[in-house]
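**Student:** In my numbering, the protein residues as written are 515 to 716. Glycine is no exception: its CB is placed at the ideal position from the N, C-alpha and C atoms. Quick one: the structure is below, and I'll ask about it shortly.
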Amino acid sequence: MKIKYISLLLAGFFFTINFSGCGYNDLVTQEEAVNSAWSQVENQYQRRADLIPNLVSTVQGVADFEKSTMTEVTDARSKVGSVNITSDDLSDPQKFQQFQQAQDQLSSALSRLLVVAENYPQLKANENFLQLQSQLEGTENRIAVERRRFNEVVQQYNTSVRSFPTLIIAKIFGFGEKQYFKGQEGSDKAPDVKFDFKNEKK
């Protein structure tokens, strides 16, 4: 009886080792790929955040620029700075959603600012503003690229986590599914931009 029990333990041990050899290492590699892709997303978001103070400073030089638009951008940037997420939080739907919502709000605020700026000849002729605008647009494109790449590596990782027999190793060693970036709500509709110079000018 004792020999049978030991044999079962050894069989279970070697079973786990075999699965971990073909599954655990793959999961580690894929999770590291997710973390690396996440770092690139963060880098681009940080690059955008670093550009905003210069943009705000340039736009404030135009005396009659819409105050509410400036407030919206600065508030959204402040909120982004208060919502921190690490690679360990990528499996937490609530934290990930809060992070994405904050970033999406900043994207919307910046889009509105750039649209409103088209109505100000002083800004359209300001070389510094034009350079900042170009850098922001380029950064938004990079963000989109990195988010798409992040979703691709997350899809590969999540597929492994949910597939047999790798899912056994995933459960044993605590590999959870990661969250995806989702399309911004209402992003399929053109923004409704209204100019109210009577109330907004300062």
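1. Whose C-beta lies closer than 6 Å to the C-beta of Ala551 among residues of the same chain, with five residues either side of it excluded?
2. Run through DSSP, which three-state label would Gly537 get?
3. Please go through the same chain and pick out, in chain order, the residues whose beta-carbon is closer than 7 Å to the beta-carbon of Val594, but skip the five residues on each side of it.
4. Beta-carbon within less than 7 Å of Arg591's beta-carbon, same chain only, minus the 5 sequence neighbours each way: which residues are those?
5. Inspect the beta-carbon positions of Leu650 and Leu624 and report whether they are closer than 9 Å.
6. Taking only the alpha-carbon atoms, compute the straight-line gap between Lys638 and Ile683 and give it to the nearest angstrom.
7. In whole angstroms, what separates the C-alpha of Asn640 from that of Ile686?
8. Which whole runs of the alpha helix (DSSP H) in the region 612-640 are 4 residues long or more, in chain order?
9. Buried or exposed, going by whether 16 or more other CB atoms sit within 10 Å of the CB of Lys712?
**Tutor:** In brief:
1. Arg663, Phe664 and Val667
2. helix
3. Ala563, Ala616, Gln617 and Leu620
4. Ala563, Ile566 and Leu620
5. yes
6. 58 Å
7. 59 Å
8. 635-638
9. With a pLDDT of 40 at Lys712, under the threshold of 50, the modelled position of this residue cannot be trusted; read the value that follows with caution. The residue in question, Lys712, is exposed, as its Cβ has fewer than 16 Cβ neighbours within 10 Å.
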